[in-house]
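The structure appears below as structure tokens.
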């Protein structure tokens, strides 16, 4: 049995996790005068959780703000969220996140984050999302520099195993580090350690055997250990274990940590077929940022959890490519062979699609153009042009899980509760509580919004409790 050592002095605030939400919480607590410790499961070189792979932050603004153009008001933002979640959201918490996002952007800049103009093409985000200069890794590094300058302590490779909950108070935190078990206490505890998606056995219990074929696009360190520990002790949960942020990624991506570069953005200009050669959903239903997050679940429902996107030469430069080059062939039949599809079936499906395409003169790749099919099911509502110009290109698609939505239920102050009432010194932020707002679906950049807003709220509340 590992020896139990008191290796760390008791702290005002302990933050469990090392990504965006955790860092926002730690910085906010430290600026309020609290002694703060971050326990990050990952090694230093992999610190930052899924935030390392992010690119942008969705932000409400009532006029031009930093790199953001025009306006993006609360109601439009909220309706965008309702559309992708099907109304499965807490309106109170959602509107809190949306309204607070406007003040977050200057706060982020004040704490070392730099922004760049929006990328062009299918993303269509210049008005709604601010892109990080240097990506999520640059954001994470900037926040760590800020936190350390404020006196925040960080222990890497600290595997938190248990939070001791005694009634309505967390009295101790157990973690493993360097082969030894340690126990510390804190006046306030913030859980920002993500979902359970990297525990593929847990995924399989929720989804069934199909989950074994899923890829995990984010960190392999988000295994839900702390989440499970708290749920077992009666901390209130929120969300469905089968709901998650899952997108279609390149089927050649690694099992873990492939990140944003493995995402495939070609779908709006493709037809997508399953391994039997059948189309199964409208590829042009809406602009890509409002629809890309449904494709992970759509592909997950197909045989062997795999699908194939097929495009031609005139569309190959209209989207950001995956890190992997496409499969290419001079004929559809040769492409089918290379993808493992039946050539005659792929030819038949493409011919039917091409016949259903109408006048393509109004084609516009960055907005809804109404260029649609007629007479086939499923229809393609926008960007429906014949796939007829060789060479032809194909990508395999698999479900890529970013984070799961089963999490800790919180209130407007980010506080956690049991059925007996609020826990006096426990808060949650980021992906570990995002299911409070994301019942299903996803909106590009909104995970960073949730993490930033509720990280700051949790940090402020935790420091206030510790200082009282």
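Residue numbers (the numbering used here): 44 to 511. From the three backbone atoms N, C-alpha and C, an ideal C-beta is built for every residue, glycine too. Remember, predicted model here, so these are calculated numbers, not experimental data.
- For residue 367, the CB contacts under 7 Å within the same chain, skipping 5 residues up- and downstream, are 293 and 295 in chain order.
- In the DSSP assignment, residue 442 falls within the unbroken beta strand (DSSP E) covering 435–447.
- Residue state for residue 351 is assigned as strand, using DSSP reduced to three classes.
- A distance below 8 Å separates the beta carbons of residue 426 and residue 406.
- Residue ranges of uninterrupted alpha helix (DSSP H) with 4 or more members, entirely inside the stretch 381–412 and ordered along the chain, are 386–399.
- Secondary structure of residue 426 (DSSP, three-state): coil.
- Shown here, residue 153 sits in a helix according to DSSP, grouped into three states.
- The stretch 167–187 makes no contact with the stretch 431–438, as fewer than three CB pairs between them are under 8 Å.
- A straight line joining the alpha-carbon of residue 377 with that of residue 386 spans about 7 Å.
- In this structure, the CA atom of residue 227 is about 51 Å from the CA atom of residue 311.
- Annotation: residue 104 is outside any beta strand (DSSP E) and is labelled neither H nor E by DSSP.
- Residue 460 sits in a strand when the DSSP states are folded into three classes.
- Residue 282 counts as buried, since no fewer than 16 other beta carbons sit within 10 angstroms of its beta carbon.
- Annotation: the stretch 50–116 contains the following complete segments of the beta strand (DSSP E) (minimum length 3 residues), in chain order: 54–59, 79–83 and 99–101.
- If one requires a minimum length of 3 residues, the beta strand (DSSP E) runs lying completely within the stretch 308–337 are 314–317, in chain order.
- In the three-state reduction of the DSSP assignment, residue 240 falls in the coil class, being assigned neither a helical nor a strand state.
- Residue 134 has its alpha-carbon roughly 12 Å from the corresponding atom of residue 454.
- The beta carbon of residue 207 lies closer than 6 Å to those of 214 and 215 in the same chain, with the five residues before and after it left out.
- Taking C-beta separations shorter than 7 Å and ignoring five residues to either side along the sequence, the partners of residue 307 in its chain run 291, 292, 293, 352, 365, 438 and 440, following chain order.
- Under the criterion of beta carbons closer than 8 Å, residue 468 and residue 212 qualify as touching, at roughly 6 Å.
- The Cβ neighbour count for residue 230, taken over all protein chains shown within 10 Å, is at least 16; the residue is labelled buried.
- Only residues of its own chain outside the window of five on either side were considered, and among them 277, 278 and 279 have a CB closer than 7 Å to the CB of residue 461, listed in chain order.
- Taking a 10 Å sphere around the C-beta of residue 463, we find fewer than 16 other C-beta atoms and assign the residue as exposed.
- Pairing residue 121 with residue 132, the inter-Cα distance amounts to about 10 Å.
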